[in-house]
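Asker:
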Amino acid sequence: MEQDLFKKALRWLYGILIGTVLVVALLFFMISKGALGFMPSFEELENPKSSLATILYSSDQEVLGKFFHENRTNVTYEELNENVINALISTEDIRFYKHSGIDPRGLARVLFRTIIMGEESSGGGSTITQQLAKLLFHDPARNLWQRSLQKLKEWVIAVKLERSYTKQEILTMYLNKAPFIYGAYGIESAAHTFFSKSMDSIRVEEAATLIGMLQNPSLYNPLRRPDITQNRRNIVLSQMRKANHITQEDFDSLKTVPLNIQFQRDDHIHGLAPYFREHLRLKLAAEKPERENYSSWQEQQFIEDSIAWLEDPLFGWTNKNLKADGTKYNIYSDGLKIYTTIDSRLQIYAENAVKQHIGEEIQPQFFKEKEGRTRAPFSNRISQEQYESIITRAMKNSDRYRNLQRAGFSEDSIRQAFKEPVEMEVFTWQGNVDTVMSPLDSLHYYKSFLRASLLSIDPQSGHVKAYIGGPNYQHFKYDMVSQGKRQVGSTIKPFVYTLAMQEGLTPCDMAPNIPQTFNLITGQTWTPRNSSSTREGEMVSLKWGLANSNNNITAWILKQFNPEAVVSIIHDLGIQSPMDPVPSIVLGVPEFGLDELVAGYCTYANKGVHVEPLMVTRIEDRYGNVIGNFSPRKKEVISEETAYLMINLLEGVVNQGTGIRLRFRYQFDAQIGGKTGTTQNHSDGWFMGITPNLVTGVWVGGEDRDIHFDNIHLGQGANTALPVWALYMKEVYANEEIPITQEDTFEEPVNFNINLNCPDENITAGEEPLEGGDTIVPQDEFF
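Quick note: the sequence shown uses numbering that gives the first Met the number 0, first residue 0, plus one each step.
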């Protein structure tokens, strides 16, 4: 009887065991087939999808920035740092090379030590392969049942991954997929974010910090919780010691080393060349221009965009080019590599020059001049009504106003809210500071800062080498290189002289320095004035006239031809902005963008050939295949001889005219051509500098034209813009690795025999003549 009961119990036991095995087998079979929820197919395991950031490289192979939803940059196994691999395996999965995706010993440890004995510090049982499975294919579980089912799925996926990939590939996939914080995804992005390094430069203790963070990136945050992050790092180092990847002596030394975090967050606001990166992003993703998508006042923008869509391969590139599967490229997730023309060294020098001159010299002078004035930073010339209108317009254009309006607040309530002090972070040239200020006061505060922009182009290739759209992209997002257009003042005068040189005049031809009167279509007359009476009534050379920005001589040239011819040659030089053919064009009434103005001046250094600015040389996909090549678009618009004559005229500006401080103050001895520019009431200061291999333009001014210095001595382009160029070029010339030197020369055309030694070559209008074109008549007075 007892024997029968024993046999019966044994049969039940075997039945339960076999049944359990069958149920488990059936469960895993159903999981693998997707019967209990989504499971990746074999093809998906072979080609797991991940969102990769697009990386922008400078011409000297530095990373300028990224476009991304997830800041992820993949690396190959060969690119992985050995310290990172050792730290990961030592800490997360010591038997990684011995199991096939699931570690039985690890599971047993969890069962007996963690669950039965309650030792929470005994560690988890997930292998690296299981953690990869969780990262690749799971959304967060909402309850215990879902998490249990996910765990079973992880086992199935882990086994499939082990069958599909080598151990090296699994390690690489995991480290590329692992999420950190501050927008960093993957070990390469984390290394750059927390240590400002690429993977190949990571040291042992830095690798231990990064791997330690993986257990809980928010908890082990080296910026907010450095102490516990360092403790976690030391645990990883201890594990590496146990695995014999470091010695006891190494451990004892490294555990006392501070974290030495060099935080550098990758985002769309900070970093090098942010205005350039944003301009490029908008350009790449531009839609085909349709008139109904533009406001009534954007007619010119629509025209320029339509031309760019047809002629510029980069404009709207993502909408003009398709992937093999017929879908559009996505610059945020397709992992493209964009090789730009920016030189990171020149960009740094340019940003430093703007900060040094505007932030440390000009801005303090401007604050001092406006101190105590009731309508500061505006000129006292504006009325109280004009002042209030400007401030009201600025308030209504703010995000705060729009948000309050959308929330249903009344106009009176909104205005009252703008008067209430709030905590905010504001810009200073010494760095952001926290303060308490009313939104209304913040409008005045930000308008008090002078804006500045700089664009530097290689005149032969058209490559854009440095690009600054404003003083600080986080706080001043309006791009004055490509978005803003301002009156150009005397920087337009070389274009007038170009017409003269093209039509047979030479720099040493003489002209009367007397006022020139024009008959207007209204029946009135107009006579442009000079700011100086130096040599008035004498015969002077055209070179002297341009060097001293003399309005009489520019007007005399215009009379030899006509405004229509001047407009025509300006358009030939690449300026798309509209211009009316009126006499006041000689004083710089038209409004140009810095980008088109610099490109126009490049024509002189490029022997009469106009080159459209080029920002990108090639684009590669995530696999390194070239999917876009870009070459400069060139067109000969003036003769080589005319271009060389213009170079000589522009050199006169630096050698004897309004740009002379480049010689006596900044001690340049290079061949340099230049042109200063100052507009009505000193609202805009310009300087265009030409060297044989680099053409650079600088603009300085207020957000509104009524924000400016009160006197021309401080407000002229020679004082606001020229020093930025000088500080920039000092650094460029000092770097011997950059192929731009003070020994570079402008090449004379073959068989050139025109005399350029003018009789008044060394006659100046004083140590540093002022701009002759300070007074500008509003354009609408001519109609």
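In this text, a Cβ means the ideal position worked out from N, Cα and C, and glycines have one as well.
Is it buried or exposed, methionine 538, if we count other Cβ atoms within 10 angstroms and call 16 or more buried?
Answerer: exposed
Asker: What would DSSP say about asparagine 680, mapped onto helix, strand or coil?
Answerer: Here DSSP, grouped into helix, strand and coil, assigns asparagine 680 to helix.
Asker: Cα separation between alanine 52 and alanine 598?
Answerer: 31 Å
Asker: At which residue ranges does the stretch 680 to 721 contain complete alpha helix (DSSP H) runs of 4 or more residues, listed in the order of the chain?
Answerer: As far as the stretch 680 to 721 is concerned, its whole alpha helix (DSSP H) runs of at least 4 residues are 711 to 714 and 716 to 719.
Asker: Spatial neighbours of proline 225 within its chain, please: C-beta separation below 6 Å, excluding the five flanking residues on both sides.
Answerer: Leu258
Asker: Work out the CA separation of glycine 270 and isoleucine 762 for me, nearest whole Å.
Answerer: Taking the straight line joining both Cα atoms gives about 47 Å.
Asker: Whose C-alpha, out of Trp698, Ala725 and Asn680, is nearest the C-alpha of arginine 704?
Answerer: Asn680
Asker: Compute the Euclidean distance between the alpha carbons of proline 288 and lysine 254, then round it to the nearest angstrom.
Answerer: 60 Å
Asker: Quick one: grab the DSSP three-state call for arginine 664.
Answerer: coil
Asker: Taking only three categories from DSSP, how would you classify tryptophan 525?
Answerer: strand
Asker: Assuming contact is defined by CB atoms lying nearer than 8 Å, are serine 188 and arginine 372 in contact in what I supplied?
Answerer: Serine 188 is not a Cβ neighbour of arginine 372, given a cutoff of 8 Å.
Asker: Using the Cα positions of serine 382 and isoleucine 389, report the straight-line distance between them to the nearest angstrom.
Answerer: 11 Å
Asker: Evaluate the contact criterion for the stretch 577 to 585 versus the stretch 600 to 611: three or more CB pairs, one atom per stretch, below 8 Å.
Answerer: no
Asker: Give a yes or no on whether the C-beta atoms belonging to isoleucine 156 and valine 83 are separated by under 8 Å.
Answerer: no
Asker: Buried or exposed, going by whether 16 or more other CB atoms sit within 10 Å of the CB of phenylalanine 111?
Answerer: Its pLDDT being 48, under 50, phenylalanine 111 is placed unreliably by the model, and nothing is read from it.
Asker: So who's on the other strand from threonine 53, going by DSSP bridges?
Answerer: Phe66
Asker: Is there contact here, the stretch 321 to 335 with the stretch 258 to 267, by at least three beta-carbon pairs under 8 Å?
Answerer: no
Asker: By alpha-carbon positions, which one of Gln473, Glu384, Met172 and Gln167 ends up nearest to aspartate 783?
Answerer: Because residue 783 is not part of the residues shown, which for the chain are 0 to 782, the question remains open.
Asker: Roughly how many angstroms separate the alpha carbons of glutamine 385 and histidine 707, rounded to a whole number?
Answerer: 16 Å
Asker: Which residue's Cα is closest to the Cα of alanine 451: Val62, Trp428 and Pro738?
Answerer: Trp428
Asker: Mind checking tyrosine 184: buried by the 16 CB within 10 Å criterion, or exposed?
Answerer: Label assigned to tyrosine 184: buried.
Asker: Thinking glycine 673 and methionine 687 are a contact (beta carbons under 8 Å), I'd like their distance in whole angstroms, please.
Answerer: The C-beta distance from glycine 673 to methionine 687 rounds to 6 Å, short enough to fall under 8 Å.
Asker: Using a 10 Å radius around the Cβ and a threshold of 16 neighbouring Cβ atoms, would you call glutamate 277 buried or exposed?
Answerer: buried
Asker: As a quick exercise: from Ser125, Thr340, Met423 and Gln229, pick the residue whose alpha carbon is nearest that of serine 630.
Answerer: Thr340
Asker: Contact defined as beta carbons within less than 8 Å: I believe glycine 264 pairs with threonine 192. What is the distance between those atoms, to the nearest angstrom?
Answerer: What sits at residue 264 in the sequence shown is arginine, not glycine. Contact holds; Cβ gap of about 6 Å.
Asker: Can you give me the start and stop residues for the alpha helix (DSSP H) that isoleucine 646 sits inside?
Answerer: 639 to 655
Asker: Just curious, the beta strand (DSSP E) that valine 615 is in, first and last residue?
Answerer: 615 to 619
Asker: Three or more beta-carbon pairs under 8 Å between the stretch 156 to 171 and the stretch 127 to 135, yes or no?
Answerer: Yes, the stretch 156 to 171 is in contact with the stretch 127 to 135.
Asker: What do you get for glutamate 595, buried or exposed, if any count of 16 or more other CB atoms within 10 angstroms of its CB means buried?
Answerer: buried
Asker: When you compare each of Asp433, Glu650, Lys395 and Gly483 to cysteine 757 by their alpha carbons, which one comes out closest?
Answerer: Comparing alpha carbon positions, the residue from Asp433, Glu650, Lys395 and Gly483 closest to cysteine 757 is Glu650.
Asker: Assuming methionine 394 is part of the alpha helix (DSSP H), what are its boundary residues?
Answerer: 383 to 395
Asker: Does the distance from the CB of asparagine 547 to the CB of glycine 716 come in under 8 Å?
Answerer: No, the Cβ-Cβ distance between asparagine 547 and glycine 716 is not below 8 Å.
Asker: Indicate whether arginine 632 and glutamate 619 have their beta-carbon atoms separated by less than 8 Å.
Answerer: no
Asker: Opposite arginine 224 in the DSSP bridges: which residues?
Answerer: DSSP, once it has assigned bridges, lists no residue as partnering arginine 224.
Asker: Ordered along the chain, which non-local residues of its own chain (more than five positions away) have a Cβ less than 7 Å from that of alanine 642?
Answerer: Thr602, Tyr603, Lys606 and Gly607
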